[in-house]
Structures are given as structure tokens and as C-alpha cells.
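Working notes, structure below.
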Amino acid sequence: MNNKIYSFFLLIILTCNMMAQEVFCRFKHDNQFMYGKVSGRYVLPLSKAPWNDGKVTGTPILLSTVELVHPSEPRVILGLGGSYRNSWKGKEPYKSVRWFLKPASAAASPGDTIYIPEAVDVLKVEAELGIIIGKTIKNASESEAKKAIFGYVVVNDITGLTDSYHEKQGEPNDQREPLLGPGLKLGDRFSPFGPFIYTNIDWKNRERKIVITDALGKVKTETSNNTSNLVYPPEKIVSDLSKVLTLSPGDVIMTGTDGSYEVIDGDTVCISVEGLGTLTNTIKK
């Protein structure tokens, strides 16, 4: 074969391998927490996080025998408001993202029970596409931000409303500040995400779906939307946020939604993003 033709095909093969979709997780096995690379029915243990150049180590483990936990250990969890077109009802969206911060203690795993805090009387859940950061960035351009995105994940952004708590405290309406309430986005396990991180995917045109069932298994809510309605592309989101604070490997950015849905004690929430798996959690008081 002509050397030039051979080199051309070799370049194509290498490029395809570099851009191939990969699936990663974090799991508990034999009382140890490990990162892993998913291969069919097996998980291949990694020496460290995949964004830290973790290498396959040890023997493959059946995926069905491990406990999947949230697939990164975020330093910060960030969320967006007004990021879907339906939220604007025909108006022009903001040019830059509007964001909020959640504590690292909000991270929760697939299958975790989400407990309604005492101060919260109404809990709402949201089906969202999440971004996992793969390298430390600050003041990044959009092209730099795109390279810093390690992959994508399913996220449930949970909010607590606290009107009855204020009433119990005897606080008049003019003393209630909706942005400084005792519940809101701060609850423990208020950001479940997982079970897997997918790399090298096209984030567009993926159905986001949420199904809520009650304690008897009856469907209460079933609705969906599409990621193509996202106002800001992921590289814009990451770039804007990097100009506010340093983003680190494993950090999670929830890209927002256009609908939130009330849940109560005993409900089960199943959230999926097309091609990225399903995240399931149960609500308890």
C-alpha cells in the first residue's frame, strides 16, 4: 500500500479511537471506593480518577455486583437558571448564564434516599443534563472550556420551599426573603447524579425525561423535553462560570431545566437523559 494512503488511514483510525465514546463510573466493592471504566457487563477498576489519567488496574468486576455511587467527587456543584428557551416565553434570554452554587454535601448517588429537611414543606425535582469538568480552568475561552469538559451525566436538581417554616416561626410576610430561605438548594443530597459519565457525546437532541411514582407504584408525573432547547452551549456555560470561580476536575455543572415537579414522602423519582442512563432516588420525610 502507498505510504501516504497508509498514513491517511492510520490517522483516521487514531482519530476515531481518540474520539470514541467511553463510559466511566465510581463504585464501592469489598468496602473500597474506586473509579472504573465500564465495558459491557463489566467494570474495569482504575488506579485513580479518569481525568487524572487513571489506568486500568486489577481484574474486571461484574457491574451487577458493585454498588454504583456518584461518579465524581465534586469540589463545587453549580446550577443554572433561565437556561431553557421555554422559560423565556418568547423574550430574549440573557447574554450570559445565571448561576447558583450548591455545597459538595448536596452530592448523592443513584439509589440514595433523599430526606426532606425539617424546614422544608415542599420539595421539587428537576431532570437535567450535567457537565463533568476534567481539568482545572480559570478565565477560559469557549474553546478552552470545551476541552475542559470531561463528559456528561444525568442530574436531579432538588429544591426545597419553606413557606410553612416561616409561618411556624411567626415571621410576617415582609420578613421573608425567597433567596435566603433556610431550605432552597442547600439540603443534604439535593443533587443526585449518575450513574455513569459519558465522554465524547453530542449533547444536542437528547430527550430529558422524568417519571415520578408514588409509594404504591402509581405514576403521578411523566414528562419530557429536549436538550436542544438549551439556550447556552456547554462551552459557553463552562467559560462563563470559569470567569467567576476556578473549576476543578470532578466539579459538576447542572445545565438547568424548564420544569420542576413536586414530590412527597414515599415517591420515587426516575430521571433519564437519552443515551446516558437513568438516575433513580426515593423521597422520605
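Okay, so the sequence shown: first residue is 1033 according to the numbering used here, each after it adds one. Quick reminder that beta carbons are idealized off the backbone N, C-alpha and C, glycines included.
For Pro1077, the closest C-alpha among the options Val1088, Leu1216 and Ser1175 is that of Val1088. Counting only runs of 3 or more residues that sit fully inside the segment 1225-1256, the beta strand (DSSP E) segments are 1239-1245, in chain order. Assigned with DSSP and collapsed to three states, Val1152 falls in coil, not helix or strand.
Beta-bridge partners assigned by DSSP to Tyr1147: Lys1316.
Along the length of the segment 1050-1114, whole beta strand (DSSP E) runs at least 3 residues long occupy 1055-1061, 1064-1071, 1074-1077, 1099-1101 and 1109-1113, reported in chain order. Using a Cβ distance threshold of 8 angstroms, Ile1315 and Ile1148 count as a contacting pair. A Cβ-Cβ distance of about 11 angstroms is found for the pair Ile1269 and Gly1162, leaving them out of contact under the 8 angstroms criterion.
By the CB criterion at 8 angstroms, His1102 and Ala1140 fall inside the cutoff. At a Cβ-Cβ threshold of 8 angstroms, Leu1279 and Ala1180 count as neighbours. Counting every other CB atom within 10 Å of its CB across the protein chains shown gives Pro1204 a total below 16, marking it as exposed. Relative to Lys1167, the option among Lys1069, Val1157, Asn1084 and Arg1240 whose CA is nearest is Asn1084. Here the alpha carbon of Lys1250 sits roughly 13 angstroms from the alpha carbon of Cys1302. Secondary structure at Ser1175: helix, using DSSP grouped into helix, strand and coil. When the five nearest sequence neighbours on each side are left out, the beta carbons in the same chain lying within less than 7 angstroms of the beta carbon of Asp1246 are those of Lys1252, Gly1298 and Asp1299, in order along the chain. Counted as a single uninterrupted DSSP element, the beta strand (DSSP E) harbouring Leu1161 occupies residues Ala1159 to Ile1165. Partner residues in the beta bridge of Lys1134, as assigned by DSSP, are Ile1109. Glu1306 sits in coil when the DSSP states are folded into three classes, being neither helix nor strand. In the three-state DSSP reduction, Ser1223 falls in the strand class (E or B). Distance from the CA atom of Asn1063 to the CA atom of Trp1120, rounded to whole angstroms, is 47 angstroms. The three-state reading of DSSP puts Leu1273 in helix, counting H, G and I together. Between the alpha carbons of Ser1096 and Pro1125 lies a gap of roughly 44 angstroms. Asp1144 and Val1157 have their C-alpha atoms some 14 angstroms from each other.
The criterion of a C-beta distance shorter than 8 angstroms is not satisfied by Val1129 and Val1098. DSSP links Val1295 through a beta bridge to Leu1155. Residue pairing by DSSP places Ala1139 opposite Ser1223 in a beta bridge. Put simply, the backbone Cα of Phe1132 is about 25 angstroms away from that of Lys1317. The Cβ-Cβ distance between Ala1081 and Pro1281 falls below 8 angstroms. Counted as a single uninterrupted DSSP element, the beta strand (DSSP E) harbouring Gly1183 occupies residues Ile1181 to Asn1188.
Taken through DSSP and simplified to helix, strand or coil, Thr1300 comes out as strand.
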